[in-house]
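Novice: My questions all concern the structure below.
Residue numbers (our numbering), protein chains in the order written: chain C, -7 to 157; chain L, 3 to 254.
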């Protein structure tokens, strides 16, 4: 199966559960086959991940009503929300050396729309344009979500540093 | 540029996703601002940490197997499913075959597949490619990208031409194995249909220059040019395949 690793990784980060990720991926691949006649060429990996992502949110809506699905967020223009970072070299050093568990927890705690942007960028290496297509938002939204994802990750890691984690 | 203007853009600057003008403005700002420089360093640190931690989840080993099983189950024909435009509508499984063969009577034009193993192999190659499995290795409509991509993968130079303006857009290429030898495959779209063109060096006894056939409901058309054998396989009609062959012969 093509791009199964990328598809499963995205589903796993969005559902945050092994078993649910497997169900979602299976459903997504069957959907992909049914929708194959609508495939217009282009990057098959983006096409497949779009389907995996949409299947994830449909699944989350049906099975975890408590978990808010990302919406076209209203706060996207809130650039001012990103204040000056006081951090210096010791902070950068702490982040650089953060262990896997700490990083995983920090990423899992991000809101879904930031989490998916960060996973697609940092773990899967997609361009902003590709992310915009997969997530179906404007390029500027991808830019702002990634900036805010990074800021929240840094803050949450540095909070651990202060806690002496 | 002030810190307030620069700060929200640093993340995109770090990703090399800003246009040249903005990048230059940021760089000028970074040369004189230690705090923004430190912020970029933090993006680097975060990137480095996530890169080193291998946080991507890997699928369990049996997931692929389970997916294939689910796909096969889904592909099993219900009534008349062969008439649907689903890519697996004529999967070469026994149950589909009977329906597929009766369908092929309606679309039959030239020779029949009989039990020619080559035709069966070509159709399998075509169907396999449609099962999302493996349509293209190099996905681009740029013939100048596809042609050199075959260098070193096959020991001949396939004719790669994009026929978008003539109704057959090139969507990519891949390498397949047909009859025990590597074949270059060019993938074209015809409306919503996929056409696979399998290419290999011509053998000695290949029969008449132009030959068309049907197998399992698919049309196949063979022609030769410059010492190569080309087979087009698709569910589009035979006339469309002939148009494509003519385009190839004109371009060659």
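The beta-carbon is built from N, C-alpha and C at its ideal position, and this holds for glycine as well.
Computed from a prediction, not measured in an experiment: that's the story for all the values here.
1) Counting C-beta neighbours from all protein chains within 10 Å, is the total for residue 44 (chain L) 16 or more, i.e. buried, or is it exposed?
2) So within the segment 115 to 200 of chain L, which uninterrupted beta strand (DSSP E) runs reach at least 3 residues, ignoring any that extend past its ends?
3) Mind checking the segment 136 to 149 of chain L against chain C and listing, in chain order, the residues whose C-beta falls within less than 8 Å of any C-beta there?
4) Closest to residue 46 (chain C) by C-alpha separation, out of C:115, C:7, C:151, would be which residue?
5) So with CB distances below 9 Å, who are the chain C contacts of residue 17 (chain L)?
6) Taking the alpha-carbon positions, what's the residue 150 (chain C) to residue 121 (chain C) distance?
7) Would you mind sorting residue 10 (chain C) into buried or exposed? The rule is 16 or more other CB atoms within 10 Å of its CB.
8) Per the DSSP calculation, residue 221 (chain L) is bridged to which residue(s)?
9) Assuming residue 148 (chain L) contacts residue 169 (chain L) under a Cβ cut-off of 8 Å, what Cβ separation, rounded to an integer in Å, is found between them?
10) Are any of the Cβ atoms in chain C nearer than 8 Å to that of residue 165 (chain L)?
11) Can you give the beta carbon distance from residue 42 (chain C) to residue 123 (chain C), rounded, assuming they're within the 8 Å contact cut?
12) From the DSSP output, which residues share a beta bridge with residue 226 (chain L)?
13) What residue does the alpha helix (DSSP H) around residue 33 (chain L) start on, and which one ends it?
14) So which residues of chain C does residue 283 (chain L) contact, with C-beta pairs closer than 8 Å?
15) Starting from residue 38 (chain C), trace the alpha helix (DSSP H) both ways and give me its first and last residue.
16) Could you tell me the boundaries of the alpha helix (DSSP H) in which residue 1 (chain C) lies?
17) For residue 2 (chain C), which option in C:23, C:38, C:26, C:27 has the closest C-alpha, if you only look at C-alpha atoms?
18) Is it true that the segment 107 to 122 of chain C meets the segment 5 to 22 of chain L, where meeting means three or more beta-carbon pairs spaced less than 8 Å apart?
19) Output the distance between the C-alpha atoms of residue 95 (chain C) and residue 103 (chain C), rounded to the nearest integer angstrom.
20) Would residue 264 (chain L) count as contacting chain C if we go by Cβ distances under 8 Å?
21) Could you tell me the alpha carbon to alpha carbon distance between residue 3 (chain L) and residue 146 (chain L), rounded to whole angstroms?
22) Going by other Cβ atoms of all chains shown within 10 Å of its Cβ, with 16 needed for buried, is residue 36 (chain C) buried or exposed?
23) Check whether chain C comes within 8 Å of residue 31 (chain L), counting only Cβ atoms and requiring the distance to be less than that.
24) So is residue 96 (chain C) in contact with chain L if we call contact Cβ pairs under 8 Å?
Specialist: With the structure as the only source:
1) Indexing the second chain from 1 puts residue 44 (chain L) at position 42. With 16 or more Cβ atoms within 10 Å of its Cβ, residue 44 (chain L) is classed as buried.
2) Here the runs fully enclosed are 172 to 180, 183 to 192.
3) Answer set for the segment 136 to 149 of chain L: 136, 137, 138, 141, 143.
4) In the first chain, counting from the first residue as 1, residue 46 (chain C) sits at position 54. Nearest C-alpha to residue 46 (chain C): C:7.
5) Residue mapping note: residue 17 (chain L) aligns to position 15 of the second chain, counting from 1. What residue 17 (chain L) touches in chain C, judged by beta-carbon distance under 9 Å, is 113, 119, 120, 135, 138, going in chain order.
6) Counting from one through the first chain, the residue named residue 150 (chain C) turns up at place 158. Counting from one through the first chain, the residue named residue 121 (chain C) turns up at place 129. Rounded to the nearest angstrom, the two C-alpha atoms are 30 Å apart.
7) Locating residue 10 (chain C) in the first chain gives position 18, counting from the first residue. With fewer than 16 neighbouring CB atoms inside 10 Å of its own CB, residue 10 (chain C) falls in the exposed class.
8) Against the second chain, residue 221 (chain L) aligns to sequence position 219. In the DSSP assignment, residue 221 (chain L) forms a beta bridge with L:216, L:236.
9) The residue labelled residue 148 (chain L) in the question sits at position 146 within the second chain. The residue labelled residue 169 (chain L) in the question sits at position 167 within the second chain. Beta-carbon to beta-carbon, residue 148 (chain L) and residue 169 (chain L) are separated by about 19 Å, too far to satisfy the 8 Å threshold.
10) What you label residue 165 (chain L) is simply residue 163 of the second chain in a count that begins at 1. Taking 8 Å as the CB threshold, residue 165 (chain L) stays off the interface with chain C.
11) Taking the first chain and counting its residues from 1, one reaches residue 42 (chain C) at position 50. Taking the first chain and counting its residues from 1, one reaches residue 123 (chain C) at position 131. Distance from residue 42 (chain C) to residue 123 (chain C) at the Cβ level is roughly 11 Å; contact not present, criterion being Cβ atoms closer than 8 Å.
12) What you label residue 226 (chain L) is simply residue 224 of the second chain in a count that begins at 1. DSSP lists L:231 as partners of residue 226 (chain L).
13) For the purposes of this step, residue 33 (chain L) is taken as residue 31 along the second chain, with counting starting at 1. Boundaries of the alpha helix (DSSP H) around residue 33 (chain L): 22 to 34.
14) Outside the shown range of chain L (3 to 254) lies residue 283 (chain L), about which nothing can therefore be said.
15) Here residue 38 (chain C) corresponds to residue number 46 of the first chain, with the count starting at 1. First-last of the alpha helix (DSSP H) with residue 38 (chain C): 36 to 55.
16) The residue given as residue 1 (chain C) occupies position 9 in the first chain. It spans -4 to 7 - the alpha helix (DSSP H) in which residue 1 (chain C) sits, taken as one unbroken run.
17) Along the first chain, read from residue 1 onward, the residue named residue 2 (chain C) stands at position 10. For residue 2 (chain C), the closest of C:23, C:38, C:26, C:27 by C-alpha to C-alpha distance is C:38.
18) With the rule of 3 Cβ pairs closer than 8 Å, the segment 107 to 122 of chain C counts as touching the segment 5 to 22 of chain L.
19) As a working mapping, residue 95 (chain C) is identified with position 103 in the first chain. As a working mapping, residue 103 (chain C) is identified with position 111 in the first chain. In this structure, the CA atom of residue 95 (chain C) is about 15 Å from the CA atom of residue 103 (chain C).
20) A query on residue 264 (chain L) cannot be resolved here, the shown segment of chain L reaching from 3 to 254 and no further.
21) Residue numbering aside, residue 3 (chain L) sits at position 1 when the second chain is read from its first letter. Residue numbering aside, residue 146 (chain L) sits at position 144 when the second chain is read from its first letter. If you draw a straight line from the Cα of residue 3 (chain L) to the Cα of residue 146 (chain L), it is about 42 Å long.
22) Numbered from 1 along the first chain, position 44 holds the residue referred to as residue 36 (chain C). Classification of residue 36 (chain C): buried, given that the 10 Å Cβ count is 16 or more.
23) By 1-based counting over the second chain, the position of residue 31 (chain L) is 29. For residue 31 (chain L), the answer is no, since every Cβ of chain C falls outside 8 Å of its Cβ.
24) The residue you call residue 96 (chain C) lines up with position 104 of the first chain. Answer yes: the Cβ-Cβ gap between residue 96 (chain C) and chain L drops below 8 Å somewhere.
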